[in-house]
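Asks: In terms of the working numbering, the sequence shown opens at residue 17 and continues consecutively. One structure follows; several queries about it will come next.
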Amino acid sequence: MSEHGIMATDTIKGLKKKLKALQAQPEIDATSTEMVKVLCDLSYVLYRSDPEQAEGFAGQALTLAERTGFKKGMAESHMAIGTSYWARGDFDKAFDCYTKSLRICEETGDTKGVASCHTNIGNIHRNQGDYERAFECHIKALKIKEEITDKPGMAKSYNNIGIVYFYKSEYDLALEYHFKSLKIRKKLFGEKNTDISETYNNIGNVYKNMGEYDLALQYYFKTLQIDVELLGEKHSYVALSY
């Protein structure tokens, strides 16, 4: 098992242990806020490997949040359920969940939550081939992240906008935004980080489609070097971000 896989397994074990301890409390409602968070965290750790189990944990979180009137928890639970649907390719149900989350975030003034909802809705539009609406959503998310100076969020938005431009075959603009993302991520994370690896890979894909194969290879090798070091040879990848 790779280091990444071991860390994920350890995280799941730790969260399940914490959940069990919370469930053993005599007054569950008194710990509901923390329990909702743990359930959502479990959902996010599992959504790629086991989206159905992820949905189950997020559904429990939503039920508890609704029972106790925990608005932020409701928004987060809808988001987590939507992400489990997204992982299964059920984009209509994912869109419905993200929209519910967005309404609650707007109602409660959760600015960062609003940005996350716009990001996820934008990704659904992109998955469905509606690049103009995807672009609009990612720009909305970027503006919010710029206003609150969320540097990691800005890098993610630049990356998402770059991907949209890639699918529209507007390669110069795709590169511009991926390099903006790379600049921030290097300042935040240094050279050896999975976010840096992702960005190098995306840049490589753009150069490949432009016919700049030597440049594409340079960035794919950068991706490979980081992934081999962080994940091991069996779990490294190249050219999978798109």
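We put the CB at the ideal spot given by N, CA and C, even for glycine.
Give the straight-line distance between the Cα atoms of Ile200 and Cys56, rounded to the nearest whole angstrom.
Replies: The alpha-carbon atoms of Ile200 and Cys56 are separated by roughly 28 Å.
Asks: Check this for me: beta carbons of Asn176 and Asn218, under 8 Å apart or not?
Replies: No. Outside cutoff.
Asks: If contact is defined by three or more beta carbon pairs under 8 Å, each pair taking one atom from either stretch, is the segment 92-100 in contact with the segment 108-126?
Replies: The segment 108-126 is in contact with the segment 92-100.
Asks: Taking 6 Å as the limit between beta carbons, can you name the residues of its chain near Leu31, skipping five residues before and five after?
Replies: Counting only Cβ-Cβ distances below 6 Å, and skipping sequence neighbours, we find Val54, Asp57 and Leu58.
Asks: Would you kindly work out how many angstroms separate the C-alpha atoms of Gly98 and Met226, rounded to a whole number?
Replies: Rounded to the nearest angstrom, the two C-alpha atoms are 34 Å apart.
Asks: Provide the residue span of the alpha helix (DSSP H) that contains Asp230, from first to last.
Replies: Residues Tyr229 to Leu247.
Asks: Would you tell me roughly how many angstroms separate the C-alpha atoms of Gln76 and Val52, rounded to the nearest one?
Replies: Answer to the nearest angstrom: the Cα atoms are 8 Å apart.
Asks: Cutting at 8 Å between CB atoms, please list the residues of its own chain near Leu35, excluding the five before and the five after it.
Replies: Correct list, in chain order: Met51, Val54, Leu55 and Leu58.
Asks: Can you tell me which of the three DSSP states Ile140 falls into?
Replies: It is helical.
Asks: How many angstroms separate the CA atom of Tyr223 from the CA atom of Asp211?
Replies: Near 19 Å, if we compare the C-alpha coordinates of Asp211 and Tyr223.
Asks: Expressed to the nearest angstrom, what Euclidean distance is found between the alpha-carbon atoms of Asp126 and Ile164?
Replies: Their Cα atoms are separated by approximately 12 Å.
Asks: I'd like the list of long-range same chain contacts for Lys109, defined as Cβ closer than 8 Å, with 5 residues on each side in sequence excluded.
Replies: Result list for Lys109: Gly98 and Tyr101, in chain order.
Asks: Can you tell me where the alpha helix (DSSP H) with Glu50 in it begins and where it stops?
Replies: It spans Ser48 to Leu62 - the alpha helix (DSSP H) in which Glu50 sits, taken as one unbroken run.
Asks: Report the three-state DSSP secondary structure of Asp188 (helix, strand or coil).
Replies: Three-state result, Asp188: helix.
Asks: Answer with buried or exposed for Gly145, where buried requires no fewer than 16 other C-beta atoms within 10 angstroms of its C-beta.
Replies: Answer is exposed; the Cβ neighbour count stays below 16.
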